[in-house]
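Asks: The listed protein sequences derive, respectively, from chains A and B. Residue 370 in our numbering sits at position 168 of the first sequence, and the numbers go up by one each step. Residue 84 in our numbering sits at position 11 of the second sequence, and the numbers go up by one each step.
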Amino acid sequence: MSFMFTVSPDFTPDHLSGWYIFNTWLQRQTDIAIHLEMYNDFASQHKAIKEGAIDLIYANPFDAAMLVREKGFLPLVKAEGVADEAIIAVNTESSIEDVAQFEPGTKVAFTDDPDVKMMGMIMLEPGDLDADNIVPISADTYILVAKHLLRGEADVGIFLAEVFDGLSGMVKSQLRVLVRSQISVIHHCLMIGPEMMDKRELILEKLVQMSSDEQGRGVLKSLGFENWQKVEDEEMEFMIDLMDTLMI
Amino acid sequence: MWANREPFLEILNSELNMIGDMQPEDIAGDYKEVTLDLYNSVNRKILYTDIETPYPDGKLIVSTTDPEGNITNVNKSFIEMSGYSEDELIGAPHSILRHPDMPPAAFKDLWDTVKKGDKWQGFVKNIRKDGGYYWVKATVIPNIRNGKLAGYTSVRRKPSRTNIDACSKLYPTMF
Ligand SMILES: Cc1cc2nc3c(=O)[nH]c(=O)nc-3n(C[C@H](O)[C@H](O)[C@H](O)COP(=O)(O)O)c2cc1C
Chain A
203 MSFMFTVSPD
213 FTPDHLSGWY
223 IFNTWLQRQT
233 DIAIHLEMYN
243 DFASQHKAIK
253 EGAIDLIYAN
263 PFDAAMLVRE
273 KGFLPLVKAE
283 GVADEAIIAV
293 NTESSIEDVA
303 QFEPGTKVAF
313 TDDPDVKMMG
323 MIMLEPGDLD
333 ADNIVPISAD
343 TYILVAKHLL
353 RGEADVGIFL
363 AEVFDGLSGM
373 VKSQLRVLVR
383 SQISVIHHCL
393 MIGPEMMDKR
403 ELILEKLVQM
413 SSDEQGRGVL
423 KSLGFENWQK
433 VEDEEMEFMI
443 DLMDTLMI
Chain B
74 MWANREPFLE
84 ILNSELNMIG
94 DMQPEDIAGD
104 YKEVTLDLYN
114 SVNRKILYTD
124 IETPYPDGKL
134 IVSTTDPEGN
144 ITNVNKSFIE
154 MSGYSEDELI
164 GAPHSILRHP
174 DMPPAAFKDL
184 WDTVKKGDKW
194 QGFVKNIRKD
204 GGYYWVKATV
214 IPNIRNGKLA
224 GYTSVRRKPS
234 RTNIDACSKL
244 YPTMF
């Protein structure tokens, strides 16, 4: 029987093959059979978690509370120096210079990436906008969020900062950043479930040493970051409490 | 017994994590003066100006306290907005930010709520070390670790001007 590994569906598509390479590396290093299952959206991933099918997950911070408090997961590592930050942006032609100028009925484009949407909505609050008075425009990808802005179908868009920064110069030149979050303590995290818990130390040891050899560095590069960094239980608890305060 | 009075007071003061009076040399601009009666009958002289520091866009101001409300952790935005150094903040009671315009009922509600284990949310006017002020939308939650209360965390975000204006009208009526 193999353990089941999954990755939060909001990973950047460029890194899809990276996760498969990583899983192969992890199995070789630990001699544990692990199957990587990618879900297309958060709903299907949540269903699998609820059913107890998942043992290892690169989780969105939004799901950390449920994983730890309801499903008995514990943290392993995060991508070093990488935090989830959000950007709210408008079309360069927009008359809005400050969030305070928005009116109820503002059309807000976003993806179903839950932590980014939450941060974006918090950045719109100073303009008295909330879930009850905006017109939501949900998009499958951040590229589509940008397109809604370019075509004038949305007044403001919510982006994962990393993705926004990577948009083509052509697209970015037609968008203007209103606010960029500087939260720095909200991040994705690789987490391990109860069935696999006796392997926690072994996996952790391999992961924190991953960047010390050529092959490990290559695999990390295909994931888009330099190193894994250990996440202490208390750091995870703190992030869960923090997310909890932001959900109301 | 009485011969030991002074050492006893010293111990008492350190146990209460006293915060000193605000000092004129720290204050920027014209100020007014008032003495606040804080919890545990601690008095603090407050020097306050009417200079507002706007809440920075995109940032969260975060602090954690022990179960008594003494600060155990602050983030960079907290330090920047309050004007105090990290050393001055750690160990100080959270009332170091208490502004005289805040009605005591707001903090009673805060403590009653979090002691029950619930989340509290409200708009708070805080005082800076330099006597100025800043408004926040604060959410306070109990930190439960292994089933026990370990302390509290407060996360502040930028409030809307509408909410600030409403609270500026409402709070003076609550004294
Ligand atoms: C986590 C936490 C954060 C708090 N943040 C503030 C704050 O930003 N400003 C403030 O005046 N009081 C804050 N308080 C409330 C203070 O502890 C205190 O009750 C208040 O300043 C009034 O002072 P008093 O209770 O001594 O009368 C906070 C309390 C907790 C538990």
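C-beta: ideal position from N, C-alpha, C; glycine also.
Could you tell me if Asp152 of chain A is buried or exposed, where buried requires 16 or more neighbouring beta carbons within 10 angstroms of its beta carbon?
Replies: Because chain A here runs from 203 to 450, residue 152 of chain A falls outside it and cannot be looked at.
Asks: Which same chain residues, not among the five before or five after Lys273 of chain A, have their C-beta less than 6 Å away from its C-beta?
Replies: Along the first sequence, read from residue 1 onward, the residue named residue 273 of chain A stands at position 71. If we look at Lys273 of chain A and ignore the five residues flanking it on each side, it has no Cβ neighbours.
Asks: Could you pull the DSSP bridge partners for Phe207 of chain A from this structure?
Replies: In the first sequence, counting from the first residue as 1, residue 207 of chain A sits at position 5. Paired residue(s): A:Leu238 and A:Leu258.
Asks: Cβ of Ala267 of chain A within 7 Å of any heavy atom in ligand 2?
Replies: Within the structure as shown, ligand 2 is missing, the only ligands being ligand 1.
Asks: Measuring CB to CB, does Tyr206 of chain B end up less than 8 Å from Ile200 of chain B?
Replies: Taking the second sequence and counting its residues from 1, the one referred to as residue 206 of chain B is at position 133. Taking the second sequence and counting its residues from 1, the one referred to as residue 200 of chain B is at position 127. The answer is yes: Cβ separation under 8 Å.
Asks: Within 10 angstroms of its Cβ, does Met203 of chain A collect 16 or more other Cβ (buried), or is it exposed?
Replies: Taking the first sequence and counting its residues from 1, one reaches residue 203 of chain A at position 1. By the 10 Å Cβ count, Met203 of chain A comes out exposed.
Asks: Going by Cα to Cα distance, which pick from A:Glu428, A:Asp446, A:Leu369 and A:Asp334 is closest to Pro306 of chain A?
Replies: Your numbering for residue 306 of chain A matches position 104 in the first sequence. Here the closest residue by C-alpha is A:Asp334.
Asks: Any residues in the region 308-323 of chain A with a beta carbon nearer than 7 Å to a beta carbon of chain B? Which ones, in chain order?
Replies: Listed by position, the residues of the region 308-323 of chain A near chain B (Cβ gap below 7 Å) amount to none.
Asks: Taking buried to mean at least 16 other C-beta atoms within 10 Å of its own C-beta, is Phe81 of chain B buried or exposed?
Replies: Taking the second sequence and counting its residues from 1, the one referred to as residue 81 of chain B is at position 8. The predicted position of Phe81 of chain B is uncertain, since its pLDDT is 48 and thus under 50; a value taken from the coordinates is nonetheless stated next. Counting Cβ neighbours within 10 Å, Phe81 of chain B comes out exposed, since fewer than 16 surround it.
Asks: Using the rule of at least 16 other Cβ atoms within 10 Å of the residue's Cβ for burial, across every protein chain shown, is Glu141 of chain B buried or exposed?
Replies: Your numbering for residue 141 of chain B matches position 68 in the second sequence. Under this definition Glu141 of chain B is an exposed residue.
Asks: Compute the minimum distance between the beta carbon of Ala211 of chain B and the heavy atoms of ligand 1, and state whether it is under 7 Å.
Replies: Working through the second sequence from its first residue, we reach residue 211 of chain B at position 138. True, at least one ligand heavy atom lies under 7 Å from that Cβ.
Asks: Using three-state DSSP, classify Asp443 of chain A as helix, strand or coil.
Replies: Here the question's residue 443 of chain A lines up with position 241 in the first sequence. If DSSP states are grouped into helix, strand and coil, Asp443 of chain A belongs with the helices.
Asks: Any idea if Ala76 of chain B is buried or exposed, counting beta-carbon neighbours within 10 angstroms, 16 or more meaning buried?
Replies: If you number the second sequence from 1, residue 76 of chain B lands on position 3. Here the model assigns Ala76 of chain B a pLDDT of 44, short of 50, so the residue's position is not dependable and the matter cannot be decided.
Asks: Alpha carbon to alpha carbon, how far is Val433 of chain A from Ile405 of chain A?
Replies: Position 231 of the first sequence, counted from the first residue, corresponds to residue 433 of chain A. Position 203 of the first sequence, counted from the first residue, corresponds to residue 405 of chain A. Distance between the alpha carbons of Val433 of chain A and Ile405 of chain A is about 13 Å.
Asks: Tell me which same chain residues have a C-beta within less than 8 Å of the C-beta of Ile84 of chain B, skipping the five on either side of it?
Replies: Taking the second sequence and counting its residues from 1, one reaches residue 84 of chain B at position 11. Low confidence applies to Ile84 of chain B: its pLDDT is 46, below 50, so where it sits in the model is not reliable, and the reading given next is rough at best. Nothing meets the Cβ criterion.
Asks: Does the region 218-237 of chain A come close enough to the region 328-348 of chain A that 3 or more CB-CB pairs lie under 8 Å?
Replies: Touching, no, given that fewer than three Cβ pairs across the two stretches are closer than 8 Å.
Asks: Does the beta-carbon of Tyr225 of chain B, which I'm using as the reference point, lie nearer than 7 Å to any heavy atom of ligand 1?
Replies: On the second sequence, position 152 is the one that residue 225 of chain B refers to. It does: the Cβ of Tyr225 of chain B is within 7 Å (strictly closer) of some heavy atom of ligand 1.
Asks: Measuring CA to CA, which of A:Ala235, A:Ile234 and A:Ile251 is closest to Tyr241 of chain A?
Replies: The residue labelled residue 241 of chain A in the question sits at position 39 within the first sequence. Answer by Cα proximity: A:Ile251.
Asks: Leu448 of chain A and Ile289 of chain A: beta carbons closer than 8 Å?
Replies: Within the first sequence, numbered from 1, the residue matching residue 448 of chain A stands at position 246. Within the first sequence, numbered from 1, the residue matching residue 289 of chain A stands at position 87. No; because the gap between Cβ atoms is not below 8 Å, this pair is not in contact.
Asks: Thinking C-beta only, is Leu351 of chain A closer than 8 Å to Leu377 of chain A?
Replies: The residue you call residue 377 of chain A lines up with position 175 of the first sequence. The residue you call residue 351 of chain A lines up with position 149 of the first sequence. Cβ distance < 8 Å, so Leu377 of chain A and Leu351 of chain A count as in contact.
Asks: Cβ of Ala302 of chain A within 8 Å of Cβ of His390 of chain A?
Replies: Residue numbering aside, residue 302 of chain A sits at position 100 when the first sequence is read from its first letter. Residue numbering aside, residue 390 of chain A sits at position 188 when the first sequence is read from its first letter. No, the Cβ-Cβ distance between Ala302 of chain A and His390 of chain A is not below 8 Å.
Asks: If you check the beta carbons only, do Ser227 of chain B and Glu327 of chain A fall under 8 Å apart?
Replies: As a first step, residue 227 of chain B must be located in the second sequence, where it is residue number 154. As a first step, residue 327 of chain A must be located in the first sequence, where it is residue number 125. Contact flag unset, no.
Asks: For Ile259 of chain A, I'd like the list of residues in its chain whose CB is within less than 6 Å of its CB, leaving aside the five on either flank, ordered along the chain.
Replies: Residue mapping note: residue 259 of chain A aligns to position 57 of the first sequence, counting from 1. Same-chain partners within the cutoff: Thr208 and Met393.
Asks: When DSSP builds the beta bridges, which residues end up paired with Ser227 of chain B?
Replies: Taking the second sequence and counting its residues from 1, one reaches residue 227 of chain B at position 154. In the DSSP output, where bridge partners are listed per residue, Ser227 of chain B has B:Ser136 and B:Val213.
Asks: Check whether the Cβ atoms of Glu439 of chain A and Arg218 of chain B lie closer than 8 Å to each other.
Replies: For the purposes of this step, residue 439 of chain A is taken as the residue at position 237 of the first sequence. For the purposes of this step, residue 218 of chain B is taken as the residue at position 145 of the second sequence. Cβ atoms of Glu439 of chain A and Arg218 of chain B: closer than 8 Å.
Asks: Mark Asp94 of chain B as exposed unless 16 or more other C-beta atoms lie within 10 angstroms of its C-beta, in which case mark it buried.
Replies: As a first step, residue 94 of chain B is located in the second sequence; it is residue number 21 there, counting from the start. Exposed.
Asks: Is Trp221 of chain A near ligand 1, in the sense that its beta carbon is under 7 Å from a heavy atom of that ligand?
Replies: On the first sequence, residue 221 of chain A is found 19 positions in, with the first residue counted as 1. For ligand 1, not one heavy atom lies less than 7 Å from the Cβ of Trp221 of chain A.
Asks: Can you give me the start and stop residues for the beta strand (DSSP E) that Leu377 of chain A sits inside?
Replies: Locating residue 377 of chain A in the first sequence gives position 175, where the first residue counts as 1. Residues Leu377 to Arg382.
Asks: Under 7 Å from any heavy atom of ligand 1, does the C-beta of Ser168 of chain B make it?
Replies: Working through the second sequence from its first residue, we reach residue 168 of chain B at position 95. Yes, Cβ of Ser168 of chain B sits closer than 7 Å to a heavy atom of ligand 1.
Asks: To the nearest angstrom, how far is it from the Cα of Val270 of chain A to the Cα of Ile169 of chain B?
Replies: By 1-based counting over the first sequence, the position of residue 270 of chain A is 68. By 1-based counting over the second sequence, the position of residue 169 of chain B is 96. Near 34 Å, if we compare the C-alpha coordinates of Ile169 of chain B and Val270 of chain A.
Asks: Relative to the C-alpha of Asp300 of chain A, which candidate in B:Lys231, B:Ala239, B:Leu162 and B:Glu161 has its C-alpha closest?
Replies: Position 98 of the first sequence, counting from 1, holds the residue named residue 300 of chain A. When only C-alpha atoms are compared, the closest one is B:Lys231.
Asks: Determine the direct distance from the alpha carbon of Val310 of chain A to that of Phe248 of chain B, and round the result to whole angstroms.
Replies: The residue given as residue 248 of chain B occupies position 175 in the second sequence. The residue given as residue 310 of chain A occupies position 108 in the first sequence. The alpha-carbon atoms of Phe248 of chain B and Val310 of chain A are separated by roughly 40 Å.
Asks: Got a sec? Which residues, its chain only, sit under 8 Å from Asn116 of chain B by beta carbon, not counting five neighbours each side?
Replies: Position 43 of the second sequence, counting from 1, holds the residue named residue 116 of chain B. Here the set comprises Thr108, Leu109 and Asp110.
Asks: For my contact list, Glu428 of chain A and Glu282 of chain A are in at a C-beta cut-off of 8 Å; report their separation, rounded to the angstrom.
Replies: For this step, residue 428 of chain A is matched to residue 226 along the first sequence. For this step, residue 282 of chain A is matched to residue 80 along the first sequence. Yes, Glu428 of chain A and Glu282 of chain A are in contact; Cβ-Cβ is about 6 Å, under 8 Å.
Asks: Select from the region 431-444 of chain A all residues with a C-beta closer than 7 Å to any C-beta belonging to chain B, and list them in chain order.
Replies: Answer in chain order: Glu439, Asp443 and Leu444.
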